[in-house]
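Below is one structure, written out as structure tokens, with a few remarks after it.
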Amino acid sequence: MASIDEITSQLRSVVSSADEAVSEAGGAISETEQFIAQANAMNAEGLAADLAVVKSTIESGLAQITAAIATIDEAITQADQARGRT
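This is the structure we're talking about:
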């Protein structure tokens, strides 16, 4: 069974990963705004392709967040077990 210190370290790592995923999703939103401005300047040529790339980036970020949440849930369960709160 993992020690409380190991679990705490794991939680810190997960939070860091979740922060990175949120930043990535925020960057994707910023990219979307840039793509829209570019599409407007080009009379919307290529907008669909640009938005598909952005959608993929956002989905990747959200998948990372989902995985981070699952890891946090597992770490909390381990912490509860270590404290005898099964």
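Quick note: the sequence shown uses the numbering used here, first residue 1317, plus one each step.
Using N, Cα and C, we set each Cβ at its ideal position, and we do this for glycine too.
Q: Express the C-alpha separation of Asn1356 and Thr1382 in angstroms, rounding to a whole number.
A: 34 Å
Q | Cβ-based neighbour list, Thr1387, same chain, cut-off 6 Å, excluding 5 preceding and 5 following | A | Val1330
Q) Pairing CB atoms from the segment 1331-1344 with CB atoms from the segment 1389-1400, are three or more of them under 8 Å? A) no
Q.
Could you give the first and the last residue of the continuous alpha helix (DSSP H) run that contains Arg1328?
A. 1320-1357
(Q) According to DSSP, simplified to helix, strand and coil, what is Gly1362? (A) coil
Q. Taking the alpha carbon of Leu1367 as the point to measure from, which residue in Glu1349, Gln1380, Ala1398, Ala1379 has its own alpha carbon closest?
A. Glu1349
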